[in-house]
Amino acid sequence: MKRNLVLFGDGLFADIAYEYFTHDSNYQVVAFCVDRPYLQCEQKFGLPVIATDEIAEKFNPAEHSFYAAITYGQLNRVRERFFNQAKKMGYTPASYISSRAFVWRNVELGEHCFIFEDNTVQPFVKLGDNVVLWSGNHIGHHSEIGSHVFIASHAVISGCCHIGDHQFIGVNATLSNNLTIADDCMIGAAALVTRNMTEDGFAKGARSEVSEGARRFFKVVIE
């Protein structure tokens, strides 16, 4: 039998989490919840949307798991707040691992992780609590990812890296081997990181200059 699941949040990530948990897991989503000031609708996908301060009354924590479908605001501290709040209520944290992800047998997973399709997580990797791996990342052997981390699509973390807590790693970022990334760092899209980063570091990614002229380059004639 499927385990009943409450999703904290009702935004785009909650939409995606609903799809994956519903069609590729042993969980059945039964409700969404948000903080009362942000309660704007009564239903989502035919399921009730309930204020956080009422959710435990209507969905017994002893009989339900939860997932906080929140992205990376405040370096994942918003998702961390909901994660801690739901656990204090007595809900059990749920994790999702796509059936189309490659996660080696001895990978150590913390609580409340969400691993999308096409991720490769190699042997001896350790993931902390409340980690999101969006689609198509490579996590190299013997690397350690801390807690409350969000890694966007197609990032490459090479072998033996140590990634601290509260991180955001952007699309197509690349980290070379044996790096240490301290807590509270942001690595931007397409950034190449080849040396250690201290706490509160920001590695800006490559940015292309955008200008007009595509039609001229391709000799497009508009009649």
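Residue 63 in full-length UniProt numbering sits at position 63 of the sequence shown, and the numbers go up by one each step.
All residues carry an ideal CB built from backbone N, CA and C; glycine is no exception.
| 6 Å Cβ shell around Glu144 - same chain, five flanking residues per side excluded | Around Glu144: Lys126, His162.
| query | Taking just the CA atoms, how far does Gly128 sit from Asn60? | reply | 27 Å
| What are the complete alpha helix (DSSP H) segments, minimum 4 residues, inside the UniProt domain "PglD N-terminal" (4-85)? | 12-23, 52-58
| query | When you compare only the Cα positions, how much space is there between Asp200 and Cys185? | reply | 5 Å
| message | Buried or exposed for Tyr67, going by 16 or more other Cβ atoms inside 10 Å? | response | buried
| query | Is it a yes or a no for the segment 90-102 touching the segment 12-29, going by three-plus beta-carbon pairs under 8 Å? | reply | yes
| said: To the nearest angstrom, how far is the alpha carbon of Ile157 from that of Gly188? | reply: 14 Å
| request: Report the residue ranges of all alpha helix (DSSP H) runs contained in full by the segment 86-166; include only those spanning at least 4 residues, in chain order. | output: none
| query | Short check: CB of Gly170 to CB of His142, under 7 Å? | reply | no
| said: So, at 6 Å on beta carbons, what are the nonlocal neighbours of Leu47 in its own chain, with the 5 sequence-adjacent residues on each side left out? | reply: Ala31
| task | State buried or exposed for Leu133, treating a residue as buried only when at least 16 other CB atoms are found within 10 Å of its CB. | result | buried
| Coarse secondary structure for residue 224, derived from DSSP in three states | The structure shown does not extend to residue 224, since the chain spans only 1 to 223, so no value can be given for it.
| field | Stretch pair the segment 107-127 + the segment 1-12: three plus CB contacts closer than 8 Å | value | no
| Who are Thr174's beta bridge partners in DSSP? | In the DSSP assignment, the residues bridged to Thr174 are Val156, Leu192.
| Cut-off 6 Å between Cβ atoms - residues of its own chain near Phe83, not counting five sequence neighbours on either side | Ala68, His112, Asn130
| request: Give every residue of the same chain whose Cβ lies closer than 8 Å to the Cβ of Ile181, excluding the five residues on either side of it in the sequence, and list them in chain order. | output: The residues are Cys161, His162, Ile163, Gly164, Gln167, Leu175, Ile187, Val193, Asn196, Met197, Gly201.
| Close Cβ partners of Phe124 (< 7 Å) along its chain, the five nearest in sequence each way excluded | Closer than 7 Å at Cβ, skipping near neighbours: Asn106, His141, His142.
| said: Per DSSP, what are the beta-bridge partners of Phe168 in this structure? | reply: BP columns for Phe168 point to Phe150, Met186.
| query | Got a sec, what are the start and stop residues for the alpha helix (DSSP H) Phe217 sits in? | reply | 214-217 is the extent of the alpha helix (DSSP H) around Phe217.
| query | When burial is assigned at 16 or more other CB atoms within 10 Å of the CB, is Val103 buried or exposed? | reply | buried
| Is it true that the CB of Tyr20 sits closer than 7 Å to the CB of Val29? | Not closer than 7 Å, so no.
| task | Spatial neighbours of Lys2 within its chain, please: CB distance less than 7 Å, with the 5 preceding and 5 following residues excluded, ordered by chain position. | result | Asn26, Tyr27, Gln28
| query | Around the C-beta of Cys33, are 16 or more other C-beta atoms found within 10 angstroms, so that it is buried, or is it exposed? | reply | buried
| message | Can you tell me whether Ser65 is buried or exposed? The criterion is at least 16 other CB atoms within 10 Å of its CB, across all chains shown. | response | buried
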